[in-house]
Amino acid sequence: MSKAAQLAALNAAATAGDVAAARRCFESLQPRDRARTVAWNTMLKAHAIAGDLNGATEHFRTQLRHNPGINRRTFGKLIRAAAEAAEPEKGAWFLQQQRASGLEVDMVTYTTVADAFSKAGRPDEAQAFLLRANARGLALDSVAMGALSAGFAKLGQPDKAQHWLEEMVRQGLEPNPESIGAVAAAWAQRGQPLQAEMWLREMRGRQLQPSPSMITSVVHGCSKSGQPKAGAAFVDQLQKEGTTPTVEVYNAMLSGCARLGKTREAEAKFREMLDASLQPDVITFNSMTLA
1 MSKAAQLAAL NAAATAGDVA AARRCFESLQ PRDRARTVAW NTMLKAHAIA GDLNGATEHF
61 RTQLRHNPGI NRRTFGKLIR AAAEAAEPEK GAWFLQQQRA SGLEVDMVTY TTVADAFSKA
121 GRPDEAQAFL LRANARGLAL DSVAMGALSA GFAKLGQPDK AQHWLEEMVR QGLEPNPESI
181 GAVAAAWAQR GQPLQAEMWL REMRGRQLQP SPSMITSVVH GCSKSGQPKA GAAFVDQLQK
241 EGTTPTVEVY NAMLSGCARL GKTREAEAKF REMLDASLQP DVITFNSMTL A
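Residues 1 to 291 in UniProt numbering are what the sequence shown lists, from first letter to last.
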């Protein structure tokens, strides 16, 4: 196998987060090729995508001993490994080491550490971390604000999540559909479907289409808050606009009916689902049994 093919195989395994396969490819490289920083960083990428922080740290230590050269990508992958493992303190430590090495630290790097705080269920600390970066002169971009919004939304704090969406809009930045959907779902789960609908109108006004998973999240949020009718009304509106509900969306509506013992409503939605030629699954029948 040629050197180019070996490096391509290593990168493919790393991109898939297959640490074992990447290690085999890495070890099969000729010594002079294995000594290159790009090879070490690609192996580090496998650990990062797999969320294997311990493996990434050990690989980094070995990399330092072999001294092939350390760059921003090296630290970026270490920080990503920490983020995937929800270990924000480790991510912050690697960021400090990057800065101490004289390497530039950009907002993307800070956002990755903030993501680690959010994954650990600590969005307030993620916010404080990014605001400190902002105080250093780095501008919060749409990715950073979107990450903060998503972190608060996931923890059921739609007011704080909405703040960052509004800040994006105020600055003329384009929020992505996932961020808007997460805030809408958080409001729905809080029992405030009108707030959820407001953000979905905002999405439609920006010519953005809600994804099936987003619709399911909003309907499920309405169901969990004891307002399945609000979720059903939202789906009805989408149907009028040409969006066909998925099995998952119907399951979310059926779950809400079952939660409140609304047998007739559940049966009506079940018939509607069959009329749409959708195939019921285990979750569908479980909800019908409980309704």
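Ideal placement from N, C-alpha and C gives every residue a C-beta, glycine not left out.
Checklist entry - Got a sec, what are the start and stop residues for the alpha helix (DSSP H) Glu174 sits in? => result Where Glu174 is concerned, there is no enclosing alpha helix (DSSP H), given that its DSSP letter is neither H nor E.
Checklist entry - Looking at Ala92 and Val108, is the spacing between their C-beta atoms short of 8 Å? => result no
Checklist entry - For the region 73-142, which segments carrying the beta strand (DSSP E) assignment without a break, of at least 3 residues, lie completely within its bounds, in sequence order? => result none
Checklist entry - Whose CA, out of Gly191, Phe152, Phe285 and Leu10, lies closest to the CA of Tyr250? => result Phe285
Checklist entry - Hey, Ser101 and Ile70: beta-carbon distance below 8 Å or not? => result Against a cut-off of 8 Å, the Cβ pair of Ile70 and Ser101 comes out as a contact.
Next on the checklist: Which of the three DSSP states is assigned to Thr289 in this structure?
Outcome noted: In this structure, Thr289 counts as helix in the three-state DSSP scheme.
Item to check | C-beta contact flag for Met43 and His66 at 8 Å | outcome: Not in contact: Met43 and His66 (Cβ atoms no closer than 8 Å).
Checklist entry - Quick one, which of Pro177, Leu103 and Gly17 has its alpha-carbon nearest Pro212's? => result Pro177
Next on the checklist: Taking the alpha-carbon of Glu104 as reference, which of Arg72, Asn134 and Ala126 has the nearest alpha-carbon?
Outcome noted: Arg72
Next on the checklist: For a minimum of 4 consecutive residues, which ranges assigned as the alpha helix (DSSP H) are wholly contained in the region 145-220?
Outcome noted: 158-170, 177-189 and 193-205
Next on the checklist: Cutting at 7 Å between CB atoms, please list the residues of its own chain near Ala232, excluding the five before and the five after it.
Outcome noted: Met253
Item to check | Arg36 (DSSP reduced to helix, strand or coil) | outcome: coil
Next on the checklist: Looking only at its chain, what residues have a beta carbon closer than 8 Å to the beta carbon of Arg99, apart from the 5 residues adjacent to it on each side?
Outcome noted: Val105
Checklist entry - I think Gly151 touches Pro123, with their Cβ atoms under 8 Å apart; what is that distance to the nearest whole Å? => result 4 Å
Next on the checklist: Please state whether the Cβ-Cβ distance between Val19 and Ala39 is less than 8 Å.
Outcome noted: no
Next on the checklist: Please classify Gly172 as buried or exposed, where buried requires at least 16 neighbouring CB atoms within 10 angstroms.
Outcome noted: exposed
Checklist entry - Exposed or buried, Ala14, counting other C-beta atoms within 10 Å across all chains shown (16 or more means buried)? => result Buried, by the Cβ-count rule.
Checklist entry - Can you tell which of Ala116, Ala16, Leu7 and Gly55 has the C-alpha that lies nearest to the C-alpha of Arg32? => result Leu7
Checklist entry - Helix, strand or coil for Pro31 per DSSP? => result helix
Item to check | Which of helix, strand or coil DSSP assigns to Thr246 | outcome: coil
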